[in-house]
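Per the working numbering, residue 90 is the first one in the sequence shown, and the count goes up by one each step. So the structure is just underneath, and the comments pick up after that.
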Amino acid sequence: MGRLENGIWVDWIEKVKVLQKAVVVNPDGKLLALKRCISEHDGRSGCWDLCGGSVDIEDVQAWKSHSGRGDKDDILVKAIAREVAEETGLAVIASETIHSASGFNDKKGIFIVAIGFRCTVAGDQEIKLSPEHTEYKWVTKEEFLALDIGDDGGLIKSILSI
């Protein structure tokens, strides 16, 4: 039988990873690049990245009351906005889904769903980096692709191929 938490079956979240990345665009049309901090537990330590992360159990609990609508209150839209805010302090508007992919990770025994969003910065704001990152810069798509992004399985290049 599955595991029920607060009225939601959550055992699947241990077997399915929903990974989201945000292409954050400023009014000049440049993309936000974040440099990951140095960590011995991170295979992409010190590399450049997009904002984003996994959908959390707290996000999943919101599905109970609101899901599948694709509007500003959709759980995935809220989750990516939360990730961007946590990592940069920026409030963003997730304007469209620009990428989706899926695959099975044999090593971890999990199914991965990756989603890329185009997000626009809501007004003039100052970036406040979380401890996950050491530096940021606004770059063109070509400049981003020239940065050291490490081995992310091709996800960033695929998202930026739009």
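A virtual CB, placed ideally from N, CA and C, is assigned to each residue, including glycine.
Look at Thr229 here: in three-state DSSP terms it is coil, with no helix or strand label. The Cβ neighbour count for Glu185, taken over all protein chains shown within 10 Å, is under 16; the residue is labelled exposed. When DSSP states are grouped into helix, strand and coil, Lys106 belongs to the strand group.
Cβ atoms of Leu139 and Ile216 stay farther apart than 8 Å, at about 14 Å. Just measuring C-alpha positions, the residue of Val114, Cys136, Gly142 and Phe193 sitting nearest Lys167 is Gly142. When Lys226, Leu108 and Gln214 are compared, the shortest CA-CA separation from Asp241 is found for Leu108. Per DSSP, the continuous alpha helix (DSSP H) segment holding Val166 begins and ends at Ile164 to Thr177. In the three-state DSSP reduction, Ile251 falls in the coil class, being neither helix nor strand. Looking at Cys136, Lys197, Ser250 and Glu221, the one whose alpha-carbon comes closest to that of Gly205 is Ser250.
In the three-state scheme derived from DSSP, where H, G and I count as helix and E and B as strand, Ala235 is classed as helix.
The distance from the Cβ of Ala122 to that of Lys246 is about 13 Å, inconsistent with a contact at the 8 Å cut-off.
Exposed is the label assigned to Val105, since fewer than 16 other Cβ atoms lie within 10 Å of its Cβ. Secondary structure note for Ile216: it is in no beta strand (DSSP E), with a DSSP letter that is neither H nor E. Around the beta carbon of Phe233, 16 or more other beta carbons sit within 10 angstroms, so the residue counts as buried. Around the beta carbon of Thr177, a 10 Å sphere encloses 16 or more other beta carbons of the protein chains shown; the residue is thus reported as buried.
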